[in-house]
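One structure below.
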Amino acid sequence: MRTRTLSYLAGVVALTVTISGCGPATPTPTVSPTATSVAVEAPLPRLPITCDDLVAPATVAGLAGESAPLLWSENDSPDSWVEVAQRQAGMLTCGWGADRERVALSVGVMPDAGRFFTGYIDSVFPSYYERYDAVGDRSVHRCAYGQCSFSILVGDYLIGGYANRPDLMDELDLEPLMLPVLEDVAGSVAEAIPHERPAWAAPESALPGWGWACGDEAPIAELGAIAGLPDPNPTGTDWEDPTFSAMVDAVAPSWCTLTSAGAPERYLSLVVVEGGGWVTEEWQIDPPTQWYETPREAIALEGLGTAYLGEDGGYYDILFALEGSFVSFGAGAASRDEFLDWSTQVAQLLAARAA
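All letters in the sequence shown, in the order written, are residues -25 to -1, 1 to 330 by mature numbering (1 follows the signal peptide of the UniProt record, and there is no 0).
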């Protein structure tokens, strides 16, 4: 079992879109989907550095007060659509600590995201704890009550993260341990920028999604019909985290949130990350887990080869490749069989839209 979590964006998976409702389903177009129609090269972090290059192990240990091994790094395969999108955006994501319950330091480095820093700075409510421009081109950090958070701008790279040291509640004790971390991060990124890799791009032949949120091309009615949603109502999703907003903007994973007043207890989620089909090759070696703990069940989904199923208290979700892209689909279904039937219909719907 891998001990890692969403780097810097812990908990973001809970924001995956929801669609709720019930009612009779209507037929979807019968188009045979394929899992591997498009060969997609796996993306690499834009900066040619490792997590150990980003922050020296001794610096992390000084912050943590003990040895803090890597919990997740550039070598891990993704477990969620968020992590697939992070990779495609060229992010470097790193986390250190004794275990997932005690993350000492989490850092995310996002390219082509400088424009988000200004908006983030403008949104910060000034307080006694904020410190500005300690490192990099611009920065803001704060340490208080055993925790630190930070955002740093170096060139067009946005760096964000947090640290935990619960035995040091006074910022006067914690901040001096945090500053060397910020200096390491800003310095490593600045040194690596001249050697950055080209941006990764999804192949034009990969299955497209439908753009931002419930865009005009989102299959709202069809998705509602699959789960029996009467009059599905699209709603938007706000991302407050600047690094996550930058990632979504760069990769444009397609998702849609729908609600239905008729049956608020039922929901369905769908995300398409264009070009993300590369991840299935990594999963043959290192299969994905659910919530980063429980191994997913590898199953054969009609026309799609291997898919990865998870279940948690009546909520099912499945991950699979379709026409070179990555699909994450989940729902609160009455049974496993019902959910798998919905999954096949969703795959056929997406394949029909791309035909």
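Here a beta-carbon is modelled for each residue, glycine too, at the ideal position from N, C-alpha and C.
- About 6 angstroms separates the beta carbon of Val156 from that of Thr34, a gap short enough to meet the 8 angstroms contact definition.
- In this structure the segment 162 to 179 does not touch the segment 281 to 294; the number of beta carbon pairs closer than 8 angstroms is below three.
- Beta-bridge partners assigned by DSSP to Cys123: Cys118 and Ala138.
- Following the DSSP letters along the chain, one finds Ala17 in no alpha helix (DSSP H), marked with neither H nor E.
- Taking C-beta separations shorter than 8 angstroms and ignoring five residues to either side along the sequence, the partners of Leu38 in its chain run Ala79, Leu80, Ala138, Arg140, Leu152, Met153, Pro155 and Val156, following chain order.
- With 16 or more other Cβ atoms inside 10 Å of its own Cβ, Val247 counts as buried.
- Looking at Gly121, Gly289 and Gln323, the one whose alpha-carbon comes closest to that of Ala309 is Gly289.
- Per DSSP, the unbroken alpha helix (DSSP H) holding Leu149 starts and ends at Glu146 to Ala167.
- In this chain, the beta strand (DSSP E) harbouring Gly83 covers Arg77 to Met85.
- For Cys189, there is no enclosing beta strand (DSSP E), as DSSP marks it with neither H nor E.
- Here the alpha carbon of Ala73 sits roughly 9 angstroms from the alpha carbon of Glu41.
- Under DSSP, Trp71 shares a beta bridge with Leu45 and Leu80.
- With 16 or more other Cβ atoms from the protein chains shown falling within 10 Å of its own Cβ, Ser300 counts as buried.
- The Cβ atoms of Pro169 and Cys189 do not sit closer than 7 angstroms to each other.
- Between the beta-carbon of Trp185 and that of Ser229 there is about 5 angstroms, and that keeps the pair under the 8 angstroms contact cut.
- DSSP places Glu298 in the coil class of the three-state scheme, outside both helix and strand.
- With fewer than 16 other Cβ atoms inside 10 Å of its own Cβ, Trp266 counts as exposed.
- If the five residues before and after Glu150 are omitted, its C-beta is found closer than 7 angstroms to the C-beta atoms of Cys118, all from its own chain and listed in chain order.
- Apart from the 5 residues on each side of it in sequence, Val129 sits with its Cβ closer than 8 angstroms to the Cβ of Gly111, Asp112, Ala161, Val164, Ala165 and Ile168 in its chain, given in chain order.
- In summary, Glu298 is buried, with 16 or more beta-carbon neighbours lying within 10 Å of its beta-carbon over all protein chains present.
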